[in-house]
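Asks: Pasting in a structure now, in structure tokens, and then I'll have a few things to ask.
Number of protein chains: 2
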Amino acid sequence: MNAVDKPELPSIPCGSVVAIVGLGLMGGSLAAAIKASRPDIKVIGVARRPETLAQATQRGFIDEGFLEPEPAAQAADILVLAVPVLSIVNLVGRLAPLLREGAVLTDLGSTKVAVIQAMEKVRWGAQCVGSHPICGKEVSGLDASDPQLYRGATWVLCPTDFTATWAMELVASLAKEVGAEPVVYGAAEHDAILARTSHLPFVVAACLTRTIAKKTAPHDLRLLSAGGYRDTTRLAGSDPQMMQDILVSNRANILEAIEQMQAELEVFKQLLANEAESGAAGLLRGYLEETRSLRRQP
Amino acid sequence: MNAVDKPELPSIPCGSVVAIVGLGLMGGSLAAAIKASRPDIKVIGVARRPETLAQATQRGFIDEGFLEPEPAAQAADILVLAVPVLSIVNLVGRLAPLLREGAVLTDLGSTKVAVIQAMEKVRWGAQCVGSHPICGKEVSGLDASDPQLYRGATWVLCPTDFTATWAMELVASLAKEVGAEPVVYGAAEHDAILARTSHLPFVVAACLTRTIAKKTAPHDLRLLSAGGYRDTTRLAGSDPQMMQDILVSNRANILEAIEQMQAELEVFKQLLANEAESGAAGLLRGYLEETRSLRRQP
């Protein structure tokens, strides 16, 4: 699947309509990025609250807003579902039948197997492409939107069994338009890797936050913690609804990753216990050296 | 022990000599911070390598350099041991007998029980004060030194059973001079809290780094990870020698913290497993909401 890095990848046609369902951090930032680089593209936003549409319009992120996704889906050349994963799964079946000929449906969900399965169930699978831009923040909502969010990020494209080449190219063009680098992964491989590189770090940050909070008075935590605590626990501030959908839709991979993390903690515990008791100097030190070099590699 | 927040805390006398043993990130930054705010204070640096002394002199961080700590200890009004914790423990017995009358010995070590025990063993315990400024980075060495490192940081002072009030005040004055806020903790309480707020985050970052690296090709890790991975694993890049000493000198507290973390991961695993299988919606969501609010509190 080399379509996505063709040098002659066409840019999105002038005057196209991009409709984004969900104006949180990811959807809002995408709208902002498109309008910043391609003012000729019409961006339609869909949100549940009129205040969100008003704010997005006022900031110049969208040209038109709807409280329901159907009119946006009917008008779109590119329809982007930027809501939590399980909501994406529901919306695919509801909106795919409304797509115009030549329009594509994609999403920004953090897990892909469930989304691709939903896309393969509809008759319009040729027009569906799963997407996952690898970027984000622990803050959420339109307020946190940033037109630079996608710049330099990897934008994963997952084809369905039926996806047409032109549909892949159109979504790849959207990725490039906002400064991201499109790459292609299969949905199952994507979810297995992300369970470790993204979802496990969230679980670890959450459990670390709780472990510390259980035994540490807030006053002591405030005085006696610094950048290490702040960075290691940062992901625990992620949006609960978004994380719930990710966790449930990638359950088996994440459970496996948690078990591997538990085993690694057990190895560390034994190493530290033995280091101090037997004075077997060297084992822990070698482990720490190796860990640092692993951290530096990617 | 209110000495340290007296409004009339005297500043360090003009022309005092501060000797810093170890010109890594912490010692180098302290030297830089002192010379930046109080050029009249003479700063002596001690390092193992002549190149380090030359670089520190050239950058204006020290006025004089030695390859051995003894001459620095003899000249100091404030002697600061800025080396890994187990080296601090060794140096206390070796250097305390060289202190001039009215001079103080302190350190920048991340654990305090072992240091305070060493300080209480020498006859000069009145002149000894344990210190731990709560700041740092995962990078190490003089190259990474930053005169702003201490600004706004908590600077923990741990008295020995014999520490004189004037000695506490002098070290508190040093903390204030570089922009830090002195607070007093007992050594045992300090070590128990730091095991959770600082040492456990390191252990978790190390184990997370290894768990991910074991199963993920470097190419995939590079493409499919972002800020979440980077922040959560950042501490795994910490200096191995420094961490080894911290881990071994706070072993019991850290082992306990690791066990609490393992238990918390087990809770999470059960919650996720049950959420998906029984559809018992709400339990996981409540857990995620609570975790986010815990992360936001401090």
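First to last, the sequence lines map onto chains A and B. Using the working numbering, the final residue of the first sequence is 298, and nothing's skipped along the way. Using the working numbering, the final residue of the second sequence is 1298, and nothing's skipped along the way. Quick reminder that beta carbons are idealized off the backbone N, C-alpha and C, glycines included. Small disclaimer: the values here were computed from a predicted structure and weren't measured.
Going by C-alpha to C-alpha distance, which of B/Met-1168, B/Leu-1025, B/Arg-1048 and B/Pro-1159 sits closest to B/Gly-1102?
Replies: As a working mapping, residue 1102 of chain B is identified with position 102 in the second sequence. The residue from B/Met-1168, B/Leu-1025, B/Arg-1048 and B/Pro-1159 with its alpha-carbon nearest to that of B/Gly-1102 is B/Met-1168.
Asks: Can you pull the chain A residues whose beta carbon is under 8 Å from the beta carbon of B/Lys-1299, in chain order?
Replies: Lying before the first or after the last residue shown, residue 1299 of chain B is absent from chain B, which here runs from 1001 to 1298.
Asks: Put A/Ala-32 into one of helix, strand or coil per three-state DSSP.
Replies: The residue labelled residue 32 of chain A in the question sits at position 32 within the first sequence. Helix at A/Ala-32.
Asks: For a contact meaning CB atoms closer than 8 Å, what does B/Gln-1058 contact in chain A?
Replies: In the second sequence, counting from the first residue as 1, residue 1058 of chain B sits at position 58. Correct list: empty, because the minimum Cβ distance to chain A is about 28 Å.
Asks: Measure from the C-beta of A/Pro-159 to each C-beta in chain B and report whether the shortest distance is under 9 Å.
Replies: Working through the first sequence from its first residue, we reach residue 159 of chain A at position 159. By this cut-off, A/Pro-159 is not an interface position.
Asks: In the DSSP assignment, find the alpha helix (DSSP H) that holds A/Val-203 and state where it starts and stops.
Replies: Along the first sequence, one-based indexing puts residue 203 of chain A at 203. Start and end: 200-215.
Asks: For the stretch 1081-1094 of chain B and the stretch 1060-1067 of chain B, state whether three or more C-beta atom pairs, one from each stretch, are separated by less than 8 Å.
Replies: Contact fails: fewer than three Cβ-Cβ distances are below 8 Å.
Asks: For a test of the three-state rule: what should DSSP assign to A/Pro-240, helix, strand or coil?
Replies: On the first sequence, residue 240 of chain A is found 240 positions in, with the first residue counted as 1. Reduced to three states, the DSSP call for A/Pro-240 is helix.
Asks: For A/Arg-339, which residues in chain B fall below 7 Å Cβ to Cβ?
Replies: The structure shown does not extend to residue 339 of chain A, since chain A is modelled only from 1 through 298, so no value can be given for it.
Asks: Given that B/Arg-1296 touches chain A, what residues does it touch there, using C-beta distances under 8 Å?
Replies: On the second sequence, position 296 is the one that residue 1296 of chain B refers to. Within 8 Å Cβ-Cβ: Gly-237.
Asks: Going by DSSP in three states, A/Asp-161 sits in which element: helix, strand or coil?
Replies: As a first step, residue 161 of chain A must be located in the first sequence, where it is residue number 161. If DSSP states are grouped into helix, strand and coil, A/Asp-161 belongs with coil.
Asks: What is the C-beta distance between A/Arg-210 and B/Thr-1291, in whole angstroms, given that I count them as a contact (C-beta under 8 Å)?
Replies: Indexing the first sequence from 1 puts residue 210 of chain A at position 210. Indexing the second sequence from 1 puts residue 1291 of chain B at position 291. Right, the Cβ-Cβ distance comes to about 6 Å (below 8 Å), so this counts as a contact.
Asks: By the 10 Å Cβ neighbour count, where 16 or more other Cβ atoms means buried, how is B/Val-1122 classified, buried or exposed?
Replies: Position 122 of the second sequence, counted from the start, is the residue given in the question as residue 1122 of chain B. That one is buried.
Asks: How would you list, in chain order, the residues of chain B whose beta-carbon sits under 7 Å from the beta-carbon of A/Pro-201?
Replies: Residue mapping note: residue 201 of chain A aligns to position 201 of the first sequence, counting from 1. Simply Leu-1208, Gly-1228, Tyr-1229 and Thr-1232.
Asks: The alpha helix (DSSP H) with A/Thr-232 in it runs from where to where?
Replies: In the first sequence, counting from the first residue as 1, residue 232 of chain A sits at position 232. 227-233 is the span of the alpha helix (DSSP H), which, as asked, contains A/Thr-232.
Asks: For the stretch 1102-1129 of chain B, list every residue whose C-beta sits within 9 Å of some C-beta in chain A, in sequence order.
Replies: none
Asks: Answer yes or no: do A/Asp-146 and A/Ala-32 have a C-beta to C-beta separation smaller than 9 Å?
Replies: For this step, residue 146 of chain A is matched to residue 146 along the first sequence. For this step, residue 32 of chain A is matched to residue 32 along the first sequence. Yes, the Cβ-Cβ distance between A/Asp-146 and A/Ala-32 is below 9 Å.
Asks: Thinking C-beta only, is B/Val-1018 closer than 9 Å to B/Ala-1076?
Replies: In the second sequence, the residue the question calls residue 1076 of chain B occupies position 76. In the second sequence, the residue the question calls residue 1018 of chain B occupies position 18. Closer than 9 Å, so yes.
Asks: Using 10 angstroms around the beta-carbon of B/Cys-1014, count the other beta-carbons present and answer buried if the total reaches 16, otherwise exposed.
Replies: Taking the second sequence and counting its residues from 1, the one referred to as residue 1014 of chain B is at position 14. Its Cβ having fewer than 16 others within 10 Å, B/Cys-1014 is exposed.
Asks: Does the stretch 1251-1269 of chain B come close enough to the stretch 207-224 of chain A to have 3 or more Cβ pairs within less than 8 Å?
Replies: yes
Asks: State the CB to CB distance for the pair A/Ile-12 and A/Ser-173, rounded to an integer number of angstroms; the pair is presumed to be in contact (CB under 8 Å).
Replies: By 1-based counting over the first sequence, the position of residue 12 of chain A is 12. By 1-based counting over the first sequence, the position of residue 173 of chain A is 173. Right, the Cβ-Cβ distance comes to about 5 Å (below 8 Å), so this counts as a contact.
Asks: Is the beta carbon of B/Leu-1255 closer than 9 Å to that of A/Ala-273?
Replies: As a position in the first sequence, residue 273 of chain A is number 273, starting the count at 1. As a position in the second sequence, residue 1255 of chain B is number 255, starting the count at 1. Contact flag set, yes.
Asks: Taking the C-alpha atoms as reference points, what is the distance between A/Ala-345 and A/Met-242?
Replies: Because chain A spans 1 through 298 in this model, residue 345 of chain A falls outside it and cannot be assessed.
Asks: Going along the stretch 162-190 of chain A in order, which residues come within less than 7 Å of chain B, judged by CB to CB distance?
Replies: Val-183
Asks: So what does DSSP say about B/Lys-1137, is it helix, strand or coil?
Replies: Along the second sequence, read from residue 1 onward, the residue named residue 1137 of chain B stands at position 137. Three-state DSSP puts B/Lys-1137 in coil, outside helix and strand.
Asks: Who are the near neighbours of B/Ser-1238 in its chain, counting only those whose CB is closer than 7 Å to its CB and skipping five residues on each side?
Replies: Translated into the one-based positions of the second sequence, residue 1238 of chain B becomes position 238. These residues qualify, in order along the chain: Glu-1138 and Phe-1202.
Asks: Measuring straight from C-alpha to C-alpha, what distance separates A/Ile-44 and A/Gln-127?
Replies: Mapped onto the first sequence, residue 44 of chain A falls at position 44. Mapped onto the first sequence, residue 127 of chain A falls at position 127. Straight-line Cα distance between these residues: approximately 19 Å.
Asks: Name the chain A residues whose beta carbon is nearer than 7 Å to that of B/Met-1261?
Replies: Taking the first residue of the second sequence as 1, we reach residue 1261 of chain B at position 261. Those are Cys-207, Leu-208, Thr-211 and Leu-265, listed as they occur along chain A.
Asks: Starting from B/Leu-1079, trace the beta strand (DSSP E) both ways and give me its first and last residue.
Replies: As a first step, residue 1079 of chain B is located in the second sequence; it is residue number 79 there, counting from the start. From DSSP, the beta strand (DSSP E) with B/Leu-1079 extends over 1078-1081.
Asks: Give me the DSSP bridge partner(s) of B/Lys-1042.
Replies: In the second sequence, residue 1042 of chain B corresponds to position 42, counting from 1. Answer by DSSP bridge pairing, in chain order: B/Val-1017.
Asks: How about B/Leu-1030 and B/Ala-1056: do their beta carbons lie closer than 9 Å?
Replies: Looking up residue 1030 of chain B in the second sequence gives position 30. Looking up residue 1056 of chain B in the second sequence gives position 56. Their beta carbons are not under 9 Å apart, which means B/Leu-1030 does not touch B/Ala-1056 by this criterion.
Asks: Within 9 Å (strictly less), CB to CB, does A/Gly-93 reach chain B?
Replies: The residue you call residue 93 of chain A lines up with position 93 of the first sequence. At a cut-off of 9 Å between beta-carbon atoms, A/Gly-93 makes no contact with chain B.
Asks: Say whether chain B places a C-beta atom closer than 9 Å to the C-beta of A/Lys-35.
Replies: One-based indexing of the first sequence puts residue 35 of chain A at position 35. For A/Lys-35, the closest Cβ of chain B is not nearer than 9 Å.
Asks: Is the CB-CB distance between B/Leu-1157 and B/Val-1184 below 9 Å?
Replies: Within the second sequence, numbered from 1, the residue matching residue 1157 of chain B stands at position 157. Within the second sequence, numbered from 1, the residue matching residue 1184 of chain B stands at position 184. Yes, they are a contact pair.
Asks: Nearest to B/Val-1113 by CA position, among B/Ser-1016, B/Ala-1236, B/Tyr-1287 and B/Ile-1246, is which residue?
Replies: As a working mapping, residue 1113 of chain B is identified with position 113 in the second sequence. Answer by Cα proximity: B/Ile-1246.
Asks: Just checking: is the beta-carbon of A/Arg-151 within a distance shorter than 9 Å of some beta-carbon in chain B?
Replies: Numbered from its first residue, the first sequence carries residue 151 of chain A at position 151. Output row for A/Arg-151: interface = no.
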